[in-house]
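J.:
There are 2 protein chains.
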Amino acid sequence: MSDELKSSRRAFLKGGAAATAGIAAAGAAGAAEGPDPLITELQDWASLTGDGVDATPYGLPIEFESDVIRRNVEWLTADTISSINFTPIHALDGTITPQGCAFERHHSGAIELAKEDYRLMINGLVDTPLVFTYADLERFPRENHVYFCECAANTGMEWAGAQLNGAQFTHGMIHNMEYTGVPLRTLLAEAGLPAETAGKWVYVEGADASSNGRSIPMEKALDDVLVAFKANGEALRKEHGYPVRLVVPGWEGNMWVKWLRRVEVMDGPVESREETSKYTDTLEDGTSRKWTWAMDAKSVVTSPSPQAPITHGPGPLVITGLAWSGNGAITRVDVSTDGGMNWTQARLAQPGQKMALSRFYLEIDWDGSEMLLQSRAMDDTGYVQPTKEQLREVRGLNSIYHNNCIQTWWVRETGEAENVEVS
Amino acid sequence: MSDELKSSRRAFLKGGAAATAGIAAAGAAGAAEGPDPLITELQDWASLTGDGVDATPYGLPIEFESDVIRRNVEWLTADTISSINFTPIHALDGTITPQGCAFERHHSGAIELAKEDYRLMINGLVDTPLVFTYADLERFPRENHVYFCECAANTGMEWAGAQLNGAQFTHGMIHNMEYTGVPLRTLLAEAGLPAETAGKWVYVEGADASSNGRSIPMEKALDDVLVAFKANGEALRKEHGYPVRLVVPGWEGNMWVKWLRRVEVMDGPVESREETSKYTDTLEDGTSRKWTWAMDAKSVVTSPSPQAPITHGPGPLVITGLAWSGNGAITRVDVSTDGGMNWTQARLAQPGQKMALSRFYLEIDWDGSEMLLQSRAMDDTGYVQPTKEQLREVRGLNSIYHNNCIQTWWVRETGEAENVEVS
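Chain order of the listed sequences is A and B. Numbering that gives the first Met the number 0 puts the first sequence at residues 0 to 422. Numbering that gives the first Met the number 0 puts the second sequence at residues 0 to 422.
Shown next as structure tokens:
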């Protein structure tokens, strides 16, 4: 592409396409100049035949996309039996995350549990303790919803400064899928709840060795929690909790218990490992925030970013990213190219949906100079995504979880980008 | 499950779950009876550990789901180089189709075309013929939309009566994905259109040997057609047209040209093979309907269905299926269990979206007797899906394509289902 900045996109790209790829010699001018090599190339394509596909009944990504995969960060966990994989958000677009590259965290590996062997117990303060088979679950009314699932530790390394170089690693502990399942309230009603549910909790646990037990207040359990068996239309992948996982819309991913085996109705929370020594935020005064379930509004520019540098010169540039809020729908995303001094409202690809990813775009005419790229999300509660400085003022420097601060990418004149911190 | 019909679902399933799986002995009653084998089983699960997942960075379906794959019908085409694969819609739920099991049709195999080698030419009646590289396309403003893609031949074998035994084969030439791409109108504007576009057409073709050329009226080309490079967030699979395909919302799948290489602006249609000898409907009088692009409103019950029989006795049963319209949004789906004599309005999982699949559910209390299961879609134009009889009255018996008639499954007392025709 031309390095000259043109103010009109149309004029520019016309020039740009010509400079890069040559204007097609489709008319008389081309004929006068002899065959354009690109025309020849296009004609050559007409002889391309491929394979019959039937050999791969479950289609896989083409080999050229073999780097668009989940990746882990080896030093984050001691063993692969307790590990995490990050979604390649820098390479994706739209909002749906394919299951095959959707982040997942496991504490005792990904267990293999056949539908025939699956059981879900509901016990505790219920009229009749029940055990459901998978086939039983299929007989209750189902719902479909697209929700994001974000690990509370997403962006956690960034509390200490700019640590990891790539949106996949700083913000990739998130995915967004269409879930099909039975509302938990339906199954609780089946077992029979106490007349007074206020102040009651459910304790949920999985069938893996970690059990990953979590306490959920009854109000949420009766609201929008799903006992889900499909994601993006098909069965859950093993690592996503096949055959059944809990979906806790807007709340931290650790509560979305996989291989769900038991829901106990209780008088209070269990205060389990996963909700005391983990997933709490230690403040400056040594006390800890806990029961911080909802993931606050957050956003990140996915391209350009360290793993998705600008590969062309100045001129039209699409800046894009993701925004989400565990408290509602995204209403607005602003983008700054100068580290937060000036903001421009980005375009949402679709109206924000509650507890689901929103895709935003900002098309700019890049002048080729360096940028400090940021995005700032707002949700329908009026909440505005804070800067890291604002967050640290409230939370101090001891936190690991619940970092929803504004992220900065330093985009250089070369188009390469780097994770930096601005004050 | 109990074979007795209970009028209250709650009462029934409580009894049902107890009968099948045993009520969990979580309380004093259980203790008195000794350990329930299911409790023991649940406890055994606590020792389950799995693998570390990292070995499969692009996650695949679990082995237990190995039959949820695209399938072809060998006798439909002469060679796998020109073949078709059907979506396993009987086994899916929700609305999104994962790319890995999304139907695809190819006429010259699935070709392998790297992004670096990709070129898109826009030529013909334009101010400046242009050739875009893949990187060029990424510099234009993008849109995201969920759209269904249905082959015009979907359900085509059913014109002759009940032929294929399974929703996958009768209705599986359809998928529904979130597409990201650049509006075709943007690229046409870049090349510069004639002042008067009324009556103009574009001719679109792919880079495979078949080229699969199709004519599209300019009005549609300037409306909602996308030059798409992502589906469900990630790159197109090879067999879905990697790296770039055309998305022609609501219109027959054959026009969604894969490996898109050229768009020519013309004074009229080409009347190519794919729009004359193919994809037209021969009527009783020997003349043919042509330019029948939009796929009329249609629906099908996906479960129960021949590949998804009822596996339990009488009582609560979830009837579910898909509905769509190429002319707008689905507003209502009715379900009949008696071959169309009586109809009950089904529940749409979400409000219908334009040119996208809708999921419907009807929960019934099945009395265990045989059913003639049908569904009937309505869209926001007021159109009502016709019976096969009504369709034949208009189209005769010579058609292959554009069969959107009401489908019937005969569900027997055993729960098994069969494709049948009712008059």
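In this text, a Cβ means the ideal position worked out from N, Cα and C, and glycines have one as well.
In this structure, how does DSSP classify A:Asn253 when only helix, strand and coil are distinguished?
T.: helix
J.: What are the uninterrupted segments assigned as alpha helix (DSSP H) that are 4 or more residues long and contained completely in the segment 182-217 of chain A, given in chain order?
T.: Counting only runs of 4 or more, we get 183-190.
J.: Output the distance between the C-alpha atoms of B:Ile121 and B:Val243, rounded to the nearest integer angstrom.
T.: 14 Å
J.: Mind checking who B:Val421 pairs with in its DSSP beta bridge?
T.: B:Val421 pairs with nothing; no bridge assigned.
J.: What are the residues in the segment 310-330 of chain A lying within 9 Å of chain B by C-beta distance?
T.: Thr310, His311, Gly314, Pro315, Leu316, Val317 and Thr319
J.: Restricting to runs no shorter than 4 residues, where is the alpha helix (DSSP H) found entirely within the segment 113-195 of chain A?
T.: The segment 113-195 of chain A contains these whole alpha helix (DSSP H) runs: 133-136, 166-170 and 183-190.
J.: So for A:Asn403, helix, strand or coil by DSSP?
T.: coil
J.: When the distance is taken between beta carbons, is B:His174 closer than 8 Å to B:Thr86?
T.: Contact flag set, yes.
J.: In terms of residues, what are the limits of the alpha helix (DSSP H) holding A:Arg391?
T.: Lys387 to Arg394
J.: Unbroken beta strand (DSSP E) runs of length 3 or more, entirely within the segment 274-359 of chain A: which are they?
T.: 297-302, 314-323 and 329-335
J.: With distance defined between alpha-carbon atoms, name the residue in A:Glu177, A:Pro60, A:Val269 and A:Phe139 nearest to A:Leu356.
T.: A:Glu177
J.: Within its chain, find whatever has a CB closer than 6 Å to the CB of A:Phe131; leave out the 5 residues flanking it on each side and keep chain order.
T.: If we look at A:Phe131 and ignore the five residues flanking it on each side, its Cβ neighbours are Leu119.
J.: Can you say whether B:Thr275 is buried or exposed, counting buried as having 16 or more other CB atoms within 10 angstroms of its CB?
T.: exposed
J.: Please confirm if A:Ala77 has its CB atom under 8 Å from at least one CB of chain B.
T.: no
J.: Around the Cβ of B:Thr179, are there at least 16 other Cβ atoms within 10 angstroms (buried) or fewer (exposed)?
T.: Burial of B:Thr179 is indicated by the presence of at least 16 other C-beta atoms within 10 angstroms of its C-beta.
J.: Check whether the Cβ of B:Thr96 lies closer than 8 Å to any Cβ atom in chain A.
T.: The beta-carbon of B:Thr96 is placed less than 8 Å from the nearest beta-carbon of chain A.
J.: Cutting at 7 Å between CB atoms, please list the residues of its own chain near B:Asp378, excluding the five before and the five after it.
T.: Ala296, Ser324, Asn326, Gly327, Ala328, Ile329 and Thr330
J.: So, is B:Ala344 buried or exposed, given that buried needs 16 or more other C-beta atoms within 10 angstroms?
T.: The displayed chain sequence assigns Gln, not Ala, to residue 344 of chain B. Answer is exposed; the Cβ neighbour count stays below 16.
J.: In this structure, how does DSSP classify A:His239 when only helix, strand and coil are distinguished?
T.: helix
J.: Are the segment 389-398 of chain B and the segment 351-369 of chain B in contact at 8 Å, needing three or more beta carbon pairs?
T.: no
J.: Return the CA-CA distance between A:Ala109 and A:Gly240, expressed in angstroms with no decimal places.
T.: 8 Å
J.: For A:Glu218, count the other beta carbons within 10 Å of its own beta carbon; 16 or more makes it buried, fewer makes it exposed. Which is it?
T.: exposed
J.: Thinking A:Gly165 and A:Ser304 are a contact (beta carbons under 8 Å), I'd like their distance in whole angstroms, please.
T.: 7 Å
J.: Output needed for B:Ser374: all residues of its chain with C-beta closer than 6 Å, excluding positions within five of it in sequence on either side, in chain order.
T.: Ser298, Val300, Gly320, Val332 and Val334
J.: If you measure between the beta carbons of B:Val317 and A:Glu189, is that distance less than 8 Å?
T.: Result no, Cβ atoms of B:Val317 and A:Glu189 do not sit closer than 8 Å.
J.: Going along chain B in order, which residues have a C-beta closer than 7 Å to the C-beta of A:Thr179?
T.: Asp92 and Gly93
J.: For A:Arg260 and A:Glu204, which I take to be in contact (beta-carbon distance under 8 Å), what is that distance rounded to the nearest angstrom?
T.: 6 Å
J.: Among A:Ala322, A:Ala161, A:Leu390 and A:Arg272, which residue has its Cα nearest to the Cα of A:Glu283?
T.: A:Leu390
J.: What does the alpha-carbon distance come out to for the pair B:Leu163 and B:Arg236?
T.: 28 Å
J.: Considering only C-alpha positions, which residue in the set B:Trp365, B:Val383 and B:Pro385 is nearest to B:Val410?
T.: B:Trp365
J.: Could you tell me whether the Cβ of A:Pro140 comes closer than 8 Å to any Cβ of chain B?
T.: Judged by the 8 Å Cβ criterion, A:Pro140 is in contact with chain B.
J.: Would you call B:Ala159 buried or exposed, if buried means 16 or more other Cβ atoms sit within 10 Å of its Cβ?
T.: B:Ala159 is exposed by the Cβ-count criterion.
J.: Tell me which residues share the same chain as A:Glu412 and place their Cβ nearer than 7 Å to its Cβ, disregarding the 5 neighbours each side in the sequence.
T.: Gly367, Ser368 and Glu369
J.: Mapping the DSSP letters down to three states, classify B:Trp74 as helix, strand or coil.
T.: B:Trp74 falls in the helix class under three-state DSSP.
J.: Just to confirm my understanding: we take A:Gly267, look at its own chain, exclude 5 residues before and 5 after, and list those with CB closer than 7 Å. What are they?
T.: Closer than 7 Å at the Cβ level, and outside the excluded window around A:Gly267, lie Trp200.
J.: Between the segment 227-238 of chain B and chain A, which residues of the former have a C-beta closer than 9 Å to a C-beta of the latter?
T.: Phe228, Lys229, Ala230, Asn231, Gly232, Glu233, Ala234, Leu235, Arg236, Lys237 and Glu238
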